[in-house]
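Worksheet: the structure to be examined is printed underneath.
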Amino acid sequence: MEASSRGFAAPPPFNLKIKRIVIAPVSHPAQEVRARRILPQVRCCCKEPEFLKVSKVKKNAAAEKVDEWWLEPRKGSSPRRVRAQAMPALPFPSSRSKGVSKQQAFYPRCSPRNSAPQSRDTPPKRDTGIASEKDWGINLLDENVNEVGTNEDGSTWYRESGEDLGDNGYRCRWARMGGCSADGSSEWKETWWEKSDWTGYKELGAEKSGKNAEGDSWWETWQEVLYQDEWSNLARIERSAQKQAKSGSETAGWYEKWWEKYDAKGWTEKGAHKYGRLNEQSWWEKWGEHYDGRGFVLKWTDKWAETELGTRWGDKWEEKFFAGIGSRQGETWHVSPSDERWSRTWGEEHYGNGKVHKYGKSTAGESWDIVVEEETYYEAEPHYGWADVVGDSTQLLSIQPQERPPGVYPTLDFGTLAQETDDPTDDPPDTSADAL
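The letter at position 182 of the sequence shown is residue 182 when you use full-length UniProt numbering, and the numbering goes up by one with no holes.
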């Protein structure tokens, strides 16, 4: 892994050697900005959005139509296209995934019956974001299964499936499978599920874990949820994934948490938290994006790393825009083992009239404060939004809840969603040189 005051490249989890750390000088932010000038004025291209509008009905009426509440398309709408990208004057850009990298094709594990499920003894891949339904290939059986077996090489396997029922029309269909090598050195497990209830809640998920003969171990979970917001009456879809792996041959491992949230009015939130370690070096990354559906955009990225010798370095930036007016700011910093500190801060103020105020300073005595004519160019809306996630969630939307008896209405808890705040906040953490 090479590191510098401009940032670091997170290495793959295993089988890499440590390279010498080189602290390289950082180029002047003002020079970087001039090199990235695009056009001389504000541009934010948006057309009429396409989204699925939620029926605005009262509580009992909504209970009668729990299967249709998200399926009322707005007439006369057209796809929204955005020609914009965030280009802050940052020393190293975020490596956030711009799309979903397809996972390796999964083996056919549930059919035909009485055949052993195929072993999966490889860890998940880093920086692949949130996989799609098709990538996971979840295929739940309509009948309960409970099977075990032994292969010719002495490895064992099992497969089972079932259904759990609960209050308020709760229904969970699930399947579990796994296996173990003859000597116990290799093991894998995988679980699939789909959940639903009478409120219209639907969930599709999967979890897998395992270890191999080399001592590597891993765990991964994936989830996709559809529900109706009780206060706004809008449909929301949320997707998330967590992944981690640990090497059995060296001090190395990594963890990632990704999440995406969408509603039918264009509100979108995305983010990720990452951590990794390779022998004496560790690194972290956090980033977030928030679109309010009405033109306001907030984005931020924070990366930092350290060694056991005490060297630390990092870079972070943030941008806020609305209607072509906004700001960008950031900091690059470095702390030596002897606690020598260096940092450079920079900022931009975009006035929306083709003029940009740029300023900054560093602990080495640098400073600048200028006004230039430059285009303001940023992402006005996500590259992947509500219409996209609906189109890619056909299996989630096709989940069938229990049949609701006439005159029985779902219990709606208006306080549940407000209390469910397990996801990390979308506020940037404080990782400046002074804070550390």
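Each residue gets a CB set at the ideal place from its N, CA and C atoms; glycine is no exception.
Being a predicted model, the structure only gives us computed values, none of them experimental.
Nearest to residue 298 (by Cα), restricted to the options 170, 318, 136, 221: Selected option, being the one with the closest Cα: 318.
Counterpart residues of residue 321 in DSSP-defined beta bridges: Under the DSSP definition of a beta bridge, residue 321 partners with 297, 326.
Exposed unless 16 or more other CB atoms sit within 10 angstroms - verdict on residue 25: With a pLDDT of only 39 at residue 25, under 50, the local geometry of the prediction cannot be trusted, and the value read off the model is given with reservation. It counts as exposed.
Short check: CB of residue 350 to CB of residue 376, under 8 Å? In this structure, residue 376 lies closer than 8 Å to residue 350 by Cβ.
Could you tell me the distance, in whole angstroms, from the CA atom of residue 159 to the CA atom of residue 165? Cα-Cα distance, rounded: 21 Å.
Where residue 394 falls: helix, strand or coil (DSSP): Residue 394 falls in the helix class under three-state DSSP.
Going by C-alpha to C-alpha distance, which of 195, 128, 269 sits closest to residue 259? Of 195, 128, 269, the residue nearest in Cα terms is 269.
In angstroms, rounded to a whole number, what distance separates the CA positions of residue 149 and residue 221? Approximately 26 Å, taken between the alpha carbons.
Helix, strand or coil, according to DSSP, for residue 134 in the structure here? It is helical.
Provide the residue span of the beta strand (DSSP E) that contains residue 273, from first to last. DSSP places residue 273 inside the beta strand (DSSP E), whose first and last residues are 268-278.
Taking the beta carbon of residue 356 as the centre, do at least 16 other beta carbons fall within 10 Å, making it buried, or is it exposed? Buried is the call here.
Residue 163: which of 411, 195, 389 sits nearest, CA to CA? Nearest in C-alpha terms to residue 163, of all of 411, 195, 389, is 195.
Residue(s) in a DSSP beta bridge with residue 145: Within the DSSP bridge table, the entry for residue 145 names 161 as partners.
With residue 260 as the anchor, note down where its beta strand (DSSP E) starts and where it stops. Taken as a continuous stretch (DSSP letters only), the beta strand (DSSP E) holding residue 260 covers 252-263.
Rounded Cβ spacing between residue 287 and residue 267 (contact assumed at less than 8 Å): Wrong, their Cβ atoms sit about 18 Å apart, outside the cutoff.
So what does DSSP say about residue 364, is it helix, strand or coil? Under the three-state reduction of DSSP, residue 364 is assigned to coil, being neither helix nor strand.
Quick check on the burial criterion: 16 or more other C-beta atoms within 10 angstroms. Buried or exposed for residue 334? Under this definition residue 334 is a buried residue.
In chain order, what residues of the same chain lie with their CB nearer than 8 Å to the CB of residue 253, ignoring the 5 residues before and after it? The beta carbon of residue 253 is closer than 8 Å to those of 13, 244, 245, 246, 247, 276, 277 in its chain, skipping five residues each way along the sequence.
Determine the burial state of residue 231: buried for a count of at least 16 other Cβ atoms within 10 Å of its Cβ, exposed for fewer. Residue environment analysis places residue 231 among the exposed positions, since fewer than 16 neighbouring C-beta atoms fall within 10 angstroms of its C-beta.
Going by alpha carbons, who is nearest to residue 153 out of 179, 173, 316, 271? Nearest Cα to residue 153 within the set 179, 173, 316, 271: 179.
Does residue 134 pass the burial test, meaning 16 or more other C-beta atoms within 10 Å, or should it be called exposed? By the neighbour-count rule (16 or more Cβ atoms within 10 Å), residue 134 is not buried but exposed.
Could you pull out every residue in the same chain whose Cβ sits closer than 8 Å to the Cβ of residue 394, ignoring the five residues on either side in sequence? Around residue 394: 133.
Expressed to the nearest angstrom, what Euclidean distance is found between the alpha-carbon atoms of residue 283 and residue 145? The straight-line gap from Cα to Cα measures roughly 44 Å.
Going by DSSP in three states, residue 387 sits in which element: helix, strand or coil? Correct three-state label for residue 387: helix.
Taking only heavy atoms of the ligand GDP into account, decide whether any of them is closer than 7 Å to the Cβ of residue 291. Among the components modelled here there is no ligand, and therefore nothing to report on the ligand GDP.
Considering residue 281, what are the terminal residues of the beta strand (DSSP E) in which it resides? Where residue 281 is concerned, the enclosing beta strand (DSSP E) stretches over 281-291.
According to DSSP, is residue 169 part of a helix, a strand, or is it coil? Residue 169 falls in the helix class under three-state DSSP.
Checking 8 Å against the spacing of the C-beta atoms, do residue 192 and residue 213 come in under that value? No, they are not a contact pair.
Proximity of residue 316 and residue 302 at Cβ, strictly below 8 Å: Result yes, Cβ atoms of residue 316 and residue 302 sit closer than 8 Å.
Under 8 Å, do residue 325 and residue 354 count as touching if we go by C-beta distance? The answer is no: Cβ separation not under 8 Å.
Quick one: Cα of residue 405 to Cα of residue 382, how far? Taken atom to atom, the span from the alpha-carbon of residue 405 to that of residue 382 is near 41 Å.
Starting from residue 140, trace the beta strand (DSSP E) both ways and give me its first and last residue. Per DSSP, residue 140 lies in no beta strand (DSSP E) segment and is marked neither H nor E.
Look up residue 125 in the DSSP assignment and give the residues it is bridged to. Note: residue 125 sits in no beta bridge, so no partner.
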